[in-house]
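Engineer: In my numbering, the protein residues as written are 210 to 651.
All C-beta atoms, glycine included, are put in the ideal place defined by N, C-alpha and C.
Given the structure is predicted, the values throughout are model-derived calculations rather than measurements.
#1: Taking Cβ positions, are residue 590 and residue 459 nearer each other than 8 angstroms?
#2: Going straight from the alpha carbon of residue 307 to that of residue 347, what length do you get?
#3: To the nearest angstrom, report how far apart residue 394 and residue 480 are at their CA atoms.
#4: Between residue 567 and residue 546, is the Cβ-Cβ spacing less than 8 angstroms?
#5: What's the call for residue 534, buried or exposed, on a 16-neighbour Cβ count within 10 Å?
#6: Under three-state DSSP, which class holds residue 469?
#7: Which of helix, strand or coil does DSSP assign to residue 248?
#8: Output the distance between the C-alpha atoms of residue 551 and residue 287, rounded to the nearest integer angstrom.
#9: So what does residue 259 bridge to, in DSSP terms?
#10: Rounded to a whole number of angstroms, what is the C-alpha to C-alpha distance between residue 280 and residue 220?
#11: Please report how far the alpha carbon of residue 536 lies from the alpha carbon of residue 477, in whole angstroms.
#12: Report back the beta-carbon spacing between residue 585 and residue 485 to the nearest angstrom; my notes put them in contact at under 8 angstroms.
#13: Does the distance from the C-beta atom of residue 342 to that of residue 388 stay below 8 angstroms?
#14: Use the C-beta contact count for residue 252: other C-beta atoms within 10 angstroms, 16 or more gives buried, fewer gives exposed.
#15: For residue 286, report the span of its alpha helix (DSSP H) as first-last.
#16: Could you check the C-alpha separation between residue 565 and residue 605 for me, to the nearest Å?
#17: Could you check the C-alpha separation between residue 216 and residue 378 for me, to the nearest Å?
#18: Assuming residue 502 contacts residue 246 under a Cβ cut-off of 8 angstroms, what Cβ separation, rounded to an integer in Å, is found between them?
#19: How big is the Cα-Cα spacing for residue 356 and residue 350?
#20: Tell me which residues share the same chain as residue 399 and place their Cβ nearer than 7 angstroms to its Cβ, disregarding the 5 neighbours each side in the sequence.
#21: Within the chosen definition, does the region 318-330 reach the region 357-372 through at least 3 CB pairs nearer than 8 angstroms?
#22: Exposed or buried, residue 226, counting other C-beta atoms within 10 Å across all chains shown (16 or more means buried)?
#23: Does the beta-carbon distance from residue 593 to residue 433 come in below 8 angstroms?
#24: Nearest to residue 578 by CA position, among 640, 542, 284 and 455, is which residue?
#25: To which residues does DSSP link residue 526 through a beta bridge?
#26: Closer than 7 angstroms: is that where the CB of residue 343 sits relative to any heavy atom of the ligand NAD?
#27: Can you tell me which residues form a DSSP beta bridge with residue 355?
#28: Taking the alpha carbon of residue 293 as the point to measure from, which residue in 338, 520 and 607 has its own alpha carbon closest?
#29: Excluding the 5 residues preceding and the 5 following residue 425 in the sequence, name in chain order all residues of the same chain whose CB lies nearer than 8 angstroms to its CB.
#30: Tell me which residues share the same chain as residue 508 and place their Cβ nearer than 7 angstroms to its Cβ, disregarding the 5 neighbours each side in the sequence.
#31: Residue 497 by DSSP, collapsed to three states: which one?
#32: Going by the DSSP bridge assignment, what does residue 219 pair with across the sheet?
#33: Could you tell me the alpha carbon to alpha carbon distance between residue 440 and residue 457, rounded to whole angstroms?
#34: My output table needs one value for residue 338: the three-state DSSP class, helix, strand or coil.
#35: Leaving out five residues on either side along the sequence, give the residues of the same chain with a beta carbon under 7 angstroms from the beta carbon of residue 360.
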């Protein structure tokens with residue numbers, strides 16, 4: 210097959226190895242916003258303390274040719290040490306878990322990342338072998354470290370990376386078949402109702418143009434015109450003429466989510482071939498309310514990632530609608546966390562219906578879609594009742610702190626190391642205490 214006729218596939222190292230190699234439990238004691246932020250600081254601090262021969266955050270990329278595919282693989286190595294004999298590819302991991310225990314559970318995942326980086330580096334530099342080093346740092350005691358190091362030849366790494374690519378392509382082929390069927394059905398999809406109401410056709414044309422050419426479009430229309438179908442229908446039609454991968458329908462109300470869901474139902478009845486996810490709030494879908502998300506407290510967190518791969522591969526063979534009922538059924542049958550499962554199944558979906566928070570709120574936004582490391586240019590967003598965003602945004606970007614919290618934080622900081630922080634907290638507490646009797650905010 211000629212290079213031009215091959216299917217082009219862009220993959221990050223994380224996309225490849227996270228899907229194929231991640232194991233273990235959901236554990237919010239280990240993986241949470243606080244440990245992620247601390248992990249970034251530990252990485253940076255460790256890298257800065259290394260010598261001149263240590264290259265930090267090295268971007269690597271390569272193209273791997275297969276029979277029907279041309280795969281562009283890219284990623285960023287934590288560190289590359291230019292040694293006298295072999296280069297050392299350093300993969301840094303920090304955790305609150307015991308280091309040896311963390312390594313035993315996740316070593317295949319961690320080595321998988323580093324092997325991909327080592328392969329790309331050796332291929333680029335035309336070198337015969339490299340050492341792969343896994344550097345583990347405790348988040349509870351930064352001086353506590355563990356290093357695992359092994360040597361691999363270029364041939365070993367090439368064989369390994371190609372085996373990962375082949376496994377991923379088996380999954381991707383099914384996805385491409387789905388996309389072809391989706392796009393063909395979108396091209397021939399007729400408006401799902403007998404006729405357009407007044408104003409609907411013009412609105413649909415505007416939305417279709419923006420979906421096709423890009424840009425931002427604001428519109429105001431009277432209640433009852435049928436705004437939802439007038440926006441979701443042309444967005445679906447655009448699948449046939451664009452590279453758009455997903456449509457996100459963001460809304461503030463449960464009624465708005467249901468209206469979009471019903472509009473999609475009408476499109477399916479007219480022949481659209483697709484998948485959609487209706488994201489439900491955690492408190493509505495959780496099997497273990499009040500319990501912490503870790504394997505000790507919740508059995509549905511145990512072995513989650515090992516089970517997930519099988520579920521994704523099974524579900525990719527069907528066109529399903531993922532809502533509260535369907536997700537909880539799959540989760541019950543496999544003893545998996547339904548909240549995380551609905552988010553992971555959304556990776557298969559063409560349309561995702563969710564609350565504003567999942568895009569705009571920095572604390573709960575869907576990192577798998579909207580982080581800085583993800584190319585979100587092929588997502589098309591429909592924002593329902595955008596006038597509600599001002600109030601919701603104030604809530605998202607505001608926080609409340611009480612005098613009790615300040616005093617407790619100050620008490621927990623022990624030793625001279627935190628003197629400056631304790632002094633600042635003392636000033637904050639004093640400001641609260643000296644507030645006028647009729648004022649309860651600063």
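Structural biologist: According to the data block:
#1: The sequence position of residue 590 within the chain shown is 381, counting from 1. The sequence position of residue 459 within the chain shown is 250, counting from 1. Going by C-beta atoms, residue 590 is nearer than 8 angstroms to residue 459.
#2: For this step, residue 307 is matched to residue 98 along the chain shown. For this step, residue 347 is matched to residue 138 along the chain shown. About 8 angstroms.
#3: Along the chain shown, read from residue 1 onward, the residue named residue 394 stands at position 185. Along the chain shown, read from residue 1 onward, the residue named residue 480 stands at position 271. Cα-Cα distance, rounded: 6 angstroms.
#4: Numbered from 1 along the chain shown, position 358 holds the residue referred to as residue 567. Numbered from 1 along the chain shown, position 337 holds the residue referred to as residue 546. Not a contact, by the Cβ cut-off of 8 angstroms.
#5: As a working mapping, residue 534 is identified with position 325 in the chain shown. Classification of residue 534: exposed, given that the 10 Å Cβ count is below 16.
#6: For the purposes of this step, residue 469 is identified with residue 260 of the chain shown, where counting begins at 1. It is helical.
#7: The residue labelled residue 248 in the question sits at position 39 within the chain shown. Reduced to three states, the DSSP call for residue 248 is helix.
#8: The residue labelled residue 551 in the question sits at position 342 within the chain shown. The residue labelled residue 287 in the question sits at position 78 within the chain shown. Answer to the nearest angstrom: the Cα atoms are 31 angstroms apart.
#9: One-based indexing of the chain shown puts residue 259 at position 50. Partner(s): none; residue 259 has no beta bridge.
#10: What you label residue 280 is simply residue 71 of the chain shown in a count that begins at 1. What you label residue 220 is simply residue 11 of the chain shown in a count that begins at 1. Taking the straight line joining both Cα atoms gives about 7 angstroms.
#11: As a first step, residue 536 is located in the chain shown; it is residue number 327 there, counting from the start. As a first step, residue 477 is located in the chain shown; it is residue number 268 there, counting from the start. Going by the C-alpha atoms only, they are around 19 angstroms apart.
#12: Along the chain shown, one-based indexing puts residue 585 at 376. Along the chain shown, one-based indexing puts residue 485 at 276. Rounded, the Cβ-Cβ distance is 18 angstroms, inconsistent with contact.
#13: For the purposes of this step, residue 342 is taken as the residue at position 133 of the chain shown. For the purposes of this step, residue 388 is taken as the residue at position 179 of the chain shown. No, the pair does not count as a contact, with Cβ atoms beyond the cut-off.
#14: Mapped onto the chain shown, residue 252 falls at position 43. Classification for residue 252: buried.
#15: Counting from one through the chain shown, the residue named residue 286 turns up at place 77. Per DSSP, residue 286 belongs to no alpha helix (DSSP H); it is in the beta strand (DSSP E), 278-290.
#16: As a first step, residue 565 is located in the chain shown; it is residue number 356 there, counting from the start. As a first step, residue 605 is located in the chain shown; it is residue number 396 there, counting from the start. Approximately 10 angstroms between the Cα atoms of the pair.
#17: Counting from one through the chain shown, the residue named residue 216 turns up at place 7. Counting from one through the chain shown, the residue named residue 378 turns up at place 169. Spanning the two alpha carbons is a distance of roughly 11 angstroms.
#18: Residue 502 sits at position 293 when you count from the first residue of the chain shown. Residue 246 sits at position 37 when you count from the first residue of the chain shown. Contact flag wrong, Cβ pair sits at about 18 angstroms.
#19: Here residue 356 is taken as the residue at index 147 of the chain shown, counted from 1. Here residue 350 is taken as the residue at index 141 of the chain shown, counted from 1. Roughly 15 angstroms separates the two Cα atoms.
#20: As a position in the chain shown, residue 399 is number 190, starting the count at 1. Counting only Cβ-Cβ distances below 7 angstroms, and skipping sequence neighbours, we find 479.
#21: yes
#22: As a first step, residue 226 must be located in the chain shown, where it is residue number 17. Looking at its Cβ environment, which holds 16 or more other Cβ atoms inside 10 Å, residue 226 is buried.
#23: As a first step, residue 593 is located in the chain shown; it is residue number 384 there, counting from the start. As a first step, residue 433 is located in the chain shown; it is residue number 224 there, counting from the start. Result no, Cβ atoms of residue 593 and residue 433 do not sit closer than 8 angstroms.
#24: On the chain shown, position 369 is the one that residue 578 refers to. The candidate whose alpha carbon is nearest that of residue 578 is 455.
#25: By one-based count along the chain shown, residue 526 stands at place 317. Paired residues: none, contrary to the question.
#26: The ligand NAD is absent from the structure shown, which contains no ligand whatsoever.
#27: Counting from 1 along the chain shown, the entry for residue 355 is found at position 146. In DSSP, residue 355 forms a bridge with 345.
#28: As a working note, residue 293 is residue 84 in the chain shown. Comparing Cα-Cα distances from residue 293 to each of 338, 520 and 607, the minimum goes to 338.
#29: By 1-based counting over the chain shown, the position of residue 425 is 216. Excluding positions up to five away in sequence, the list reads 419.
#30: Counting from one through the chain shown, the residue named residue 508 turns up at place 299. Excluding sequence neighbours, residue 508 sits near 544.
#31: Counted from its first residue, the chain shown places residue 497 at position 288. Reduced to three states, the DSSP call for residue 497 is coil.
#32: Here the question's residue 219 lines up with position 10 in the chain shown. According to DSSP, which records beta bridges pairwise, residue 219 is partnered with 281.
#33: If you number the chain shown from 1, residue 440 lands on position 231. If you number the chain shown from 1, residue 457 lands on position 248. So the two alpha carbons sit approximately 11 angstroms from each other.
#34: Translated into positions along the chain shown, residue 338 becomes position 129. Looking at residue 338 - three-state DSSP - the assignment turns out to be strand.
#35: Here the question's residue 360 lines up with position 151 in the chain shown. Contacts found: 295, 338 and 340.
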